Amino acid sequence: MKPVLAVTRQLPEAVAKRAAQSYDIRTQEGDDPLSRNEILALCHGADAALVSVGDPIDATFFEELPDSVKIVATFSVGTDHIDLAAARKKGVIIGNTPGVLTDATADIAWLLILGAARRASEGEAEVRNATWSSWRPTHLMGTQVTGKRLGIVGMGRIGQAVAKRARGFDMEIHYYNRRRLPADQELGATYHDSIDGLLPHCDFLSLHCPSTPETRGMVNSDFIAKLPDGAIIVNTARGDVVNDGDLIAALKSGKLTAAGLDVFAGEPNIEPAYRDLKNTFLLPHLGSATVETRNAMGFRALDNIDAFVAGKEVPYSV
236 MKPVLAVTRQ LPEAVAKRAA QSYDIRTQEG DDPLSRNEIL ALCHGADAAL
286 VSVGDPIDAT FFEELPDSVK IVATFSVGTD HIDLAAARKK GVIIGNTPGV
336 LTDATADIAW LLILGAARRA SEGEAEVRNA TWSSWRPTHL MGTQVTGKRL
386 GIVGMGRIGQ AVAKRARGFD MEIHYYNRRR LPADQELGAT YHDSIDGLLP
436 HCDFLSLHCP STPETRGMVN SDFIAKLPDG AIIVNTARGD VVNDGDLIAA
486 LKSGKLTAAG LDVFAGEPNI EPAYRDLKNT FLLPHLGSAT VETRNAMGFR
536 ALDNIDAFVA GKEVPYSV
């Protein structure tokens, strides 16, 4: 008999096909977010679980998780939806999918930069709604990107990929990271040893930091006040690093020209005021949403489960 694998969401076709070759798959009929109890019901009698971003894999989940499940693989790099301490206490291994999202997420960061700067959502709406009347010298004038200063908070793989693309736009790159990069990775970028030191140098600011107790709500009114007037913020990191009320106030006041957001606190139930602001470019968490990347994520998650079932070291455990 095949091991039983509980899967909380529908998988990409290629990933589902590979999983079915090795496992007896137990999943939902639809593709809606499941409650903790619904996920636990899938896990009864299972040998492993494959979960996703937004699933409530908290302390209560691990308290009630059947002892048969010894590995939980998440279809994500981030693990902020998982109580890692509770997993360790239960003796459950957690696997994630690092190293395969870099280019797709960097591409989306650049879509946000350009979309927010050039008022793309407003322009597309005019074309789609047949409200575009004519070319006009003052029509939808945005902010030029080429030659401006780009600040990056978090210079890991994705931050470096964003910087690489920025060099094609002749941007001056500034960054903050917990540790300064070696010169061969900096490639001329200017390092700042504090976020406060970085912010005055940012015409554009791209967020690439994890969600931690230190970063949650980091982008608040004091943070924004240190940016140049008219700056543009983009976020492909985690929604909860932004204080929504303070960001919205800065967008309304004109302190910030625009914001491009792919992630939100409480998504998909985002702060409604964002939808009413013309100077926001909004996407539904598409950072890794390419066929190539989502397949690679799924294969990496299965690599973790396959290794555990075979009694080998889990390659991407956290």
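Everything in the sequence shown is counted per our numbering, starting at 236 for the first residue and increasing by one. Where is the CB? At the ideal position from N, CA and C, for every residue including glycine. Keep in mind that this is a model prediction, so the values were computed, not measured.
- Please look up how many angstroms separate the CB atoms of Leu517 and Val476, rounded, as I've assumed it's under 8 Å. Numbered from 1 along the sequence shown, position 282 holds the residue referred to as residue 517. Numbered from 1 along the sequence shown, position 241 holds the residue referred to as residue 476. So it is not a contact: roughly 16 Å between Cβ atoms.
- Since Ala485 is in the alpha helix (DSSP H), which residue starts that stretch and which ends it? Translated into the one-based positions of the sequence shown, residue 485 becomes position 250. It spans Asp479 to Ser488 - the alpha helix (DSSP H) in which Ala485 sits, taken as one unbroken run.
- Message: Less than 8 Å between the beta carbons of Ala544 and Ile329, yes or no?
- Response: The sequence position of residue 544 within the sequence shown is 309, counting from 1. The sequence position of residue 329 within the sequence shown is 94, counting from 1. At residue 544 the sequence reads Val, which differs from the Ala that was named. Not closer than 8 Å, so no.
- Query: Would you call Val526 buried or exposed, if buried means 16 or more other Cβ atoms sit within 10 Å of its Cβ?
  - Reply: For the purposes of this step, residue 526 is taken as the residue at position 291 of the sequence shown. Classification of Val526: exposed, given that the 10 Å Cβ count is below 16.
- Simplified DSSP assignment, three categories, for Arg261: As a first step, residue 261 must be located in the sequence shown, where it is residue number 26. Note: Arg261 maps to strand in three-state DSSP.
- Query: Does DSSP put Ser368 in a helix, a strand or coil?
  - Reply: Translated into the one-based positions of the sequence shown, residue 368 becomes position 133. DSSP places Ser368 in coil when its eight states are reduced to three.
- Rounded straight-line distance, which links the Cα of Arg244 to that of Pro268: Taking the first residue of the sequence shown as position 1, residue 268 is located at position 33. Taking the first residue of the sequence shown as position 1, residue 244 is located at position 9. Going from the Cα of Pro268 to the Cα of Arg244 covers about 7 Å.
- Cβ pair Val239, Ala308 closer than 8 Å: Along the sequence shown, one-based indexing puts residue 239 at 4. Along the sequence shown, one-based indexing puts residue 308 at 73. Taking 8 Å as the Cβ cut-off, Val239 and Ala308 do not qualify as a contacting pair.
- From Asp497 to Asn504, what distance separates their C-alpha atoms? Working through the sequence shown from its first residue, we reach residue 497 at position 262. Working through the sequence shown from its first residue, we reach residue 504 at position 269. Each residue's Cα considered, the two are about 13 Å apart.
- What are the residues that DSSP puts in a beta bridge with Ile459? The sequence position of residue 459 within the sequence shown is 224, counting from 1. In DSSP, Ile459 forms no bridge with anything.
- Task: Express the C-alpha separation of Asp541 and Lys547 in angstroms, rounding to a whole number.
- Result: Position 312 of the sequence shown, counting from 1, holds the residue named residue 547. Position 306 of the sequence shown, counting from 1, holds the residue named residue 541. The alpha-carbon atoms of Lys547 and Asp541 are separated by roughly 8 Å.
- Do Arg400 and Gly377 have their CB atoms nearer than 8 Å? Taking the first residue of the sequence shown as 1, we reach residue 400 at position 165. Taking the first residue of the sequence shown as 1, we reach residue 377 at position 142. Contact: no.
- Query: DSSP on Tyr551, reduced to helix/strand/coil?
  - Reply: Position 316 of the sequence shown, counted from the first residue, corresponds to residue 551. Reduced to three states, the DSSP call for Tyr551 is coil.
- Query: If you drop the 5 nearest sequence neighbours on each side, which residues of the same chain put their C-beta closer than 7 Å to that of Glu357?
  - Reply: Position 122 of the sequence shown, counted from the first residue, corresponds to residue 357. Excluding residues within five positions, the ones whose Cβ falls inside 7 Å are Leu375 and Lys513.
- Other residues of its chain near Pro301: CB distance less than 6 Å, five sequence neighbours each side excluded: Counting from one through the sequence shown, the residue named residue 301 turns up at place 66. Around Pro301: Cys278 and His279.
- Query: In terms of DSSP beta bridges, what is Leu385 paired with?
  - Reply: For this step, residue 385 is matched to residue 150 along the sequence shown. According to DSSP, which records beta bridges pairwise, Leu385 is partnered with Ile408 and Phe439.
- Query: Asn470 lies in the beta strand (DSSP E); which residues open and close that run?
  - Reply: Along the sequence shown, read from residue 1 onward, the residue named residue 470 stands at position 235. It spans Ala466 to Asn470 - the beta strand (DSSP E) in which Asn470 sits, taken as one unbroken run.
- Task: Tell me whether Gly474 sits in a helix, a strand or coil according to DSSP, three-state version.
- Result: Translated into the one-based positions of the sequence shown, residue 474 becomes position 239. In the structure shown, Gly474 sits in a helix (DSSP, three-state: H, G or I).
- Item | Exposed unless 16 or more other CB atoms sit within 10 angstroms - verdict on Leu486 | As a working mapping, residue 486 is identified with position 251 in the sequence shown. Answer is buried; the Cβ neighbour count reaches 16.
- Item | Reduced DSSP category for Ala493 - H, G, I as helix; E, B as strand; rest coil | Translated into positions along the sequence shown, residue 493 becomes position 258. If DSSP states are grouped into helix, strand and coil, Ala493 belongs with the strands.
- Query: Between Ile483, Val250, Gly533 and Leu440, which lies nearest to Leu349 when the distance is taken from Cα to Cα?
  - Reply: Translated into the one-based positions of the sequence shown, residue 349 becomes position 114. Nearest of Ile483, Val250, Gly533 and Leu440 to Leu349, Cα basis: Leu440.
- Message: So the candidates are Asp438, Arg415 and Asp419; which of them puts its Cα closest to the Cα of His427?
- Response: The residue labelled residue 427 in the question sits at position 192 within the sequence shown. Cα-wise, what sits closest to His427 is Arg415.
- Could you check the C-alpha separation between Asp405 and Thr492 for me, to the nearest Å? Here residue 405 corresponds to residue number 170 of the sequence shown, with the count starting at 1. Here residue 492 corresponds to residue number 257 of the sequence shown, with the count starting at 1. Distance between the alpha carbons of Asp405 and Thr492 is about 21 Å.
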